[in-house]
Amino acid sequence: VTDGKKSVATYTPREDIDYGRIYCWAESSAGKQREPCVFFVIQAGPPDPPDNCSLTNITAHTLTIECLPGYSGGLDQIFYLEVFSANPNRLLANLSSTEYPFFIAHGLPAGYAFRLILYSTNTKGKSKSITVTGNTLLAAQWKS
Numbered sequence: 001v002t003d004g005k006k007s008v009a010t011y012t013p014r015e016d017i018d019y020g021r022i023y024c025w026a027e028s029s030a031g032k033q034r035e036p037c038v039f040f041v042i043q044a045g046p047p048d049p050p051d052n053c054s055l056t057n058i059t060a061h062t063l064t065i066e067c068l069p070g071y072s073g074g075l076d077q078i079f080y081l082e083v084f085s086a087n088p089n090r091l092l093a094n095l096s097s098t099e100y101p102f103f104i105a106h107g108l109p110a111g112y113a114f115r116l117i118l119y120s121t122n123t124k125g126k127s128k129s130i131t132v133t134g135n136t137l138l139a140a141q142w143k144s
């Protein structure tokens, strides 16, 4: 649609082949645009899981884990951490972050083994989960 001052194009992808680059050129009394503008039309989907996760700080009652965010699927994503005790299998912490996959799980029992389940979600779905294992340290014992 053109009104003499501006042009507006509406584009609705209907098939997988409709996603990709859209190029546009402008022409006016000043001349023709040399380089086209480029729009990238990306199909939104579920996110990829967090990546390269590492336990960065371990104490008797705290585990800190940091990851790199996976591909967002083209949408805002939320990151999750679920901390399970290894034996018995119980959910001890359930944390989320809208900023970055960085979590500090407090109040854990000392000297236990844990499974840390990490994943992300967006409005199109949930990523695959990844599992990291870790242990809290034994509490220091006082000696006389």
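Just so we're aligned, residue 1 is where the sequence shown starts under my numbering, counting upward by one.
Every residue, glycine too, gets a C-beta built ideally from N, C-alpha and C.
(request) Name, in chain order, the residues that DSSP records as bridge partners for D51. (result) Locating residue 51 in the sequence shown gives position 51, where the first residue counts as 1. DSSP lists L68 as partners of D51.
(message) Could you pull the DSSP bridge partners for S120 from this structure?
(response) Position 120 of the sequence shown, counted from the first residue, corresponds to residue 120. Answer by DSSP bridge pairing, in chain order: F79.
(request) Please state whether DSSP places I17 in a helix, a strand or coil. (result) Counted from its first residue, the sequence shown places residue 17 at position 17. Residue state, collapsed to three classes: helix.
(request) Check whether the Cβ atoms of I65 and L108 sit closer than 7 angstroms, and answer yes or no. (result) Counting from one through the sequence shown, the residue named residue 65 turns up at place 65. Counting from one through the sequence shown, the residue named residue 108 turns up at place 108. With respect to the 7 angstroms criterion, I65 and L108 are not classified as neighbours on the basis of their beta carbons.
(message) Whether or not the stretch 68-82 and the stretch 111-128 are in contact is what I'm after, with contact meaning three or more pairs of Cβ atoms, one per stretch, closer than 8 angstroms; do they touch?
(response) yes
(request) Just mark F103 as buried or exposed, buried being the case when its beta carbon has 16 or more other beta carbons within 10 Å. (result) Here residue 103 refers to the residue found at position 103 when the sequence shown is read from its first residue. Buried: at least 16 other Cβ atoms inside 10 Å.
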